[in-house]
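Numbered according to the numbering used here, the sequence shown spans residues 81 to 580. All C-beta atoms, glycine included, are put in the ideal place defined by N, C-alpha and C. These numbers were taken from a predicted model, which means no experiment stands behind them. First the structure, in the form of structure tokens, and then the observations on it.
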Amino acid sequence: YLLCTVGSVYIKSKQAPSKDVLKDLVEMCRGVQHPIRGLFLRSYLTQVSRDKLPEIGSDYQGLCYKISMNKLWVRIQHQGPGTVREKQEKERNEFRDLVGKNLHVLGQIEGVHLEMYKETVLPRILEQVVNCKDDFAQYYLMECIIQVFPDEYHLQTLETLLAACTQLMPTVDTKIVLTQLMDRLSNYAVSSPDVLHEFLQVEAFAKLNNAIGKIEMPIVGAMTLFVSLLTFALRVHPDRLDYVDQVLLESQGGDMTGEDLPATPRKIFQILNQTIEVLSSVPCPELALRLYLQCAEAASDCDLEPAAYEFFTQAFILYEEEIAVTAIHLIAGTLQRVNVFGVENRDTLTPKATGGGYSARLLKKPDQCRAVYACSHLFWVDDLDGIKDGERALLCLRRALRITSAAQQMANATRGSSGSVTLFVEILNKYIYFYEKGNPHITPSDIQSLIELINTEMQSDNNGNTRTHSDPFFTSTLRYMRFQKQKGGLMGDKYELIKL
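This is how it looks when you write it as structure tokens:
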């Protein structure tokens, strides 16, 4: 270290040829072959001599200065017993900055012009990268080369770089190296439009396309590279749609006899779940909610109860975070159609939608009422194998009535009128539906009492505007009941006990 310091000062004094002094210092450092000590010593020599390296027009111009540190860095993994391999890899990862700093210094030297870089610097570096036969070192050094040297150098030496990529170890993630190279070149083209003709002169797109086709990798990695190449073509050559066609045609072909992984429904639903999760953060909560419910229904058709349960769970979580009035109706409708759940899972999900769950959290009473009576369909499904719990369906309707009555009382206290009876008429229609479907807990007396309640509310309401909206709906409902009564048969017998 002391001799490196003295040598640096001695070069500045110009009392001896700079080339000879630096050559002696380099030879001296080669005497230290311990990997870690050698790395630090060579790194120190790089730091103290960086301003002595050849600059255009300086007294040291023409001096070729090179320090090889990569071999020492690779040797770290072979030091000591095999039991400390993990520690050695950790040390290598920490010391890689010393190697990268050496390349960074080389990339900052103005004296390293394009011709020198093309004919001398890059070939020597790539020769060392390829010959080291270490995947970790190869990946890091290629990454450093792409980052530290100027963009125009990469463009003019593109063929050499791509040839080196094809010679790397099979375990090196070449797609990341090529992706970084394409990203840097495309950014260079966008920031400097006047260099676009250089891309055409060196045929950058054709060289990249050919290199990607020569690299053996799994189909997923190949598709990632084709996407990067497509982005490169669109950014650098936006007017050349034929380049886009070439990429799409290349990605369409290829060896399709890779890993034969069965596309099981379970795997497909996992991918769908991940996709919708990303979509819900865009944010597109309503679309994501609909997709969750559609996937739950599809999972039910595939008899995959765990997948369907997971989709409903995600739908409820999304509902809690991005609450919307229409969401509970979507959830209730889908939950009604899904028939894959056992008793335990259904009993877990259903209360979340009914009056004790999300319906009660809605701010407006009319929204609460409509959500609760919509959930009554969860307990009475008009299928041969559908659930038919008439008592719980009736409980939902009665809860909806209580909510509506509370809303009427609040309206009477605040505005001096009981408000619209439309909600009562809507609940009446639900009573009629379940009564016709054979729910034994819905009796003619329940329907009769509700009709009388509506008549009473309409007579006591002095607000003409609210009656205008309710009268046609209520009149139409009564007309339907009279029609069924006059039609006779089994349905007519049901309505005989109701006075209209």
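Notebook entry, point to check: Is the beta carbon of A480 less than 9 Å from the beta carbon of K510?
Noted result: For this step, residue 480 is matched to residue 400 along the sequence shown. For this step, residue 510 is matched to residue 430 along the sequence shown. Yes; because the gap between Cβ atoms is below 9 Å, this pair is in contact.
Note to self: Using CA atoms only, rank isn't needed, just tell me which of T536, A407, E390 and E537 is closest to T428.
What the structure shows: Counting from one through the sequence shown, the residue named residue 428 turns up at place 348. Closest by alpha carbon: E390.
Check: Under the DSSP definition of a beta bridge, which residues are partnered with K468?
Finding: Stepping through the sequence shown from its first residue, residue 468 is reached at position 388. Paired residues: W460.
Check: In whole angstroms, what separates the C-alpha of M571 from that of Q394?
Finding: Residue mapping note: residue 571 aligns to position 491 of the sequence shown, counting from 1. Residue mapping note: residue 394 aligns to position 314 of the sequence shown, counting from 1. Each residue's alpha carbon lies about 42 Å from the other.
Next item on the list: Please state if the CB of L202 and the CB of I225 are separated by a distance shorter than 9 Å.
Entry: Against the sequence shown, residue 225 aligns to sequence position 145. Against the sequence shown, residue 202 aligns to sequence position 122. Result yes, Cβ atoms of I225 and L202 sit closer than 9 Å.
Notebook entry, point to check: Beta-carbon separation of L289 and L261 under 9 Å?
Noted result: Here the question's residue 289 lines up with position 209 in the sequence shown. Here the question's residue 261 lines up with position 181 in the sequence shown. Before going on, a small fix: residue 289 reads as Asn here, not Leu. No, these two residues do not count as a Cβ contact at 9 Å.
Notebook entry, point to check: Apart from the five residues on each side of it in sequence, which residues of its chain come closer than 6 Å, Cβ to Cβ, to L183?
Noted result: Numbered from its first residue, the sequence shown carries residue 183 at position 103. Taken in chain order, the residues that qualify are C224 and V228.
Notebook entry, point to check: How big is the Cα-Cα spacing for T557 and A379?
Noted result: Looking up residue 557 in the sequence shown gives position 477. Looking up residue 379 in the sequence shown gives position 299. Roughly 38 Å between the two C-alpha positions.
Next item on the list: Note down, in chain order, each residue of its chain lying with its Cβ closer than 8 Å to the Cβ of I527, except the 5 sequence neighbours on either side.
Entry: Indexing the sequence shown from 1 puts residue 527 at position 447. Excluding positions up to five away in sequence, the list reads L508, Y511, I512, Y515 and I578.
Notebook entry, point to check: Per DSSP, what kind of secondary structure is L238 in: helix, strand or coil?
Noted result: Reading the sequence shown from its first residue, position 158 is the one you call residue 238. In the structure shown, L238 sits in a helix (DSSP, three-state: H, G or I).
Next item on the list: For H114, count neighbouring Cβ atoms within 10 angstroms of its own Cβ and tell me buried if that reaches 16, exposed if not.
Entry: Within the sequence shown, the letter at position 34 stands for residue 114. H114 is exposed by the Cβ-count criterion.
Next item on the list: Identify whether T393 lies in helix, strand or coil by the three-state DSSP scheme.
Entry: One-based indexing of the sequence shown puts residue 393 at position 313. The answer is helix: DSSP assigns T393 an H, G or I state.
Notebook entry, point to check: L369 and L359 look like a contact to me (Cβ under 8 Å); what is the Cβ gap, rounded to whole Å?
Noted result: If you number the sequence shown from 1, residue 369 lands on position 289. If you number the sequence shown from 1, residue 359 lands on position 279. No, L369 and L359 are not in contact; Cβ-Cβ is about 10 Å, not under 8 Å.
Next item on the list: With a threshold of 16 other CB atoms inside 10 Å of the CB of I408, please say whether the residue is buried or exposed.
Entry: Taking the sequence shown and counting its residues from 1, one reaches residue 408 at position 328. Buried: at least 16 other Cβ atoms inside 10 Å.
Notebook entry, point to check: To the nearest angstrom, how far is it from the Cα of G544 to the Cα of F396?
Noted result: Numbered from 1 along the sequence shown, position 464 holds the residue referred to as residue 544. Numbered from 1 along the sequence shown, position 316 holds the residue referred to as residue 396. At G544, the pLDDT of 48 sits below 50, so the modelled position is not reliable and the matter cannot be decided from this model.
Check: Straight-line CA distance for A486 to V420?
Finding: In the sequence shown, the residue the question calls residue 486 occupies position 406. In the sequence shown, the residue the question calls residue 420 occupies position 340. If I take the Cα positions, the gap works out to 37 Å.
Item checked: C-alpha distance - I534 paired with I348, whole-angstrom precision -> Taking the first residue of the sequence shown as 1, we reach residue 534 at position 454. Taking the first residue of the sequence shown as 1, we reach residue 348 at position 268. Taking the straight line from one Cα to the other gives about 51 Å.
Checklist line | Proximity below 9 Å, CB of D215 to CB of L265 | finding: As a first step, residue 215 is located in the sequence shown; it is residue number 135 there, counting from the start. As a first step, residue 265 is located in the sequence shown; it is residue number 185 there, counting from the start. Taking 9 Å as the Cβ cut-off, D215 and L265 do not qualify as a contacting pair.
Margin query: Taking only three categories from DSSP, how would you classify D381?
Written below: In the sequence shown, counting from the first residue as 1, residue 381 sits at position 301. D381 falls in the helix class under three-state DSSP.
Item checked: Simplified DSSP state of R320, which is helix, strand or coil -> For this step, residue 320 is matched to residue 240 along the sequence shown. Correct three-state label for R320: coil.
Check: CB-CB under 7 Å to C382, same chain, minus the five flanking residues each way: which ones, in chain order?
Finding: Within the sequence shown, residue 382 is the residue found at index 302, counting from 1. Correct list, in chain order: P345.
Notebook entry, point to check: Would DSSP call Y145 helix, strand or coil?
Noted result: Here residue 145 refers to the residue found at position 65 of the sequence shown. With a pLDDT of 37 at Y145, under the threshold of 50, the modelled position of that residue is not reliable, and the figure given next carries that caveat. Three-state result, Y145: coil.
Notebook entry, point to check: What residues in its chain sit with their C-beta under 6 Å from that of I467, if we drop five residues either side in the sequence?
Noted result: For the purposes of this step, residue 467 is taken as residue 387 along the sequence shown, with counting starting at 1. Hits under 6 Å: V461.
Item checked: Residues near C84 in its chain [Cβ-Cβ closer than 7 Å; skip 5 each side] -> Here residue 84 refers to the residue found at position 4 of the sequence shown. If we look at C84 and ignore the five residues flanking it on each side, its Cβ neighbours are L105, Y124, L125 and V128.
Margin query: Within the continuous alpha helix (DSSP H) that includes I527, where are the two ends?
Written below: Taking the sequence shown and counting its residues from 1, the one referred to as residue 527 is at position 447. Residues P524 to S540.
Note to self: Whether or not the stretch 300-320 and the stretch 267-285 are in contact is what I'm after, with contact meaning three or more pairs of Cβ atoms, one per stretch, closer than 8 Å; do they touch?
What the structure shows: yes
Next item on the list: Tell me whether the beta-carbon of C455 lies closer than 9 Å to the beta-carbon of A412.
Entry: Here residue 455 corresponds to residue number 375 of the sequence shown, with the count starting at 1. Here residue 412 corresponds to residue number 332 of the sequence shown, with the count starting at 1. In contact: C455 and A412 (Cβ atoms closer than 9 Å).
Note to self: Does Q566 come out as helix, strand or coil in the three-state DSSP assignment?
What the structure shows: Residue numbering aside, residue 566 sits at position 486 when the sequence shown is read from its first letter. Helix, per DSSP.
Notebook entry, point to check: Looking at the structure shown, is S272 part of a helix, part of a strand, or coil, going by DSSP?
Noted result: Along the sequence shown, one-based indexing puts residue 272 at 192. The answer is coil: DSSP assigns S272 none of H, G, I, E or B.
Next item on the list: Give the C-beta separation of G569 and P520 to the nearest angstrom, bearing in mind that I take them to be a contact with Cβ-Cβ under 8 Å.
Entry: By 1-based counting over the sequence shown, the position of residue 569 is 489. By 1-based counting over the sequence shown, the position of residue 520 is 440. Not really, about 19 Å apart at Cβ, beyond 8 Å.
Note to self: Rounded to whole angstroms, what is the Cα-Cα separation between I299 and G293?
What the structure shows: Position 219 of the sequence shown, counted from the start, is the residue given in the question as residue 299. Position 213 of the sequence shown, counted from the start, is the residue given in the question as residue 293. Rounded to the nearest angstrom, the two C-alpha atoms are 12 Å apart.
Checklist line | Spatial distance of R478 from I522 (CA atoms) | finding: Within the sequence shown, numbered from 1, the residue matching residue 478 stands at position 398. Within the sequence shown, numbered from 1, the residue matching residue 522 stands at position 442. Taking the straight line from one Cα to the other gives about 11 Å.
Next item on the list: Have a look at P134 and L102 and give me their C-alpha separation to the nearest angstrom.
Entry: Mapped onto the sequence shown, residue 134 falls at position 54. Mapped onto the sequence shown, residue 102 falls at position 22. Here the model assigns P134 a pLDDT of 48, short of 50, so the residue's position is not dependable, and the following value carries that caveat. Each residue's alpha carbon lies about 12 Å from the other.
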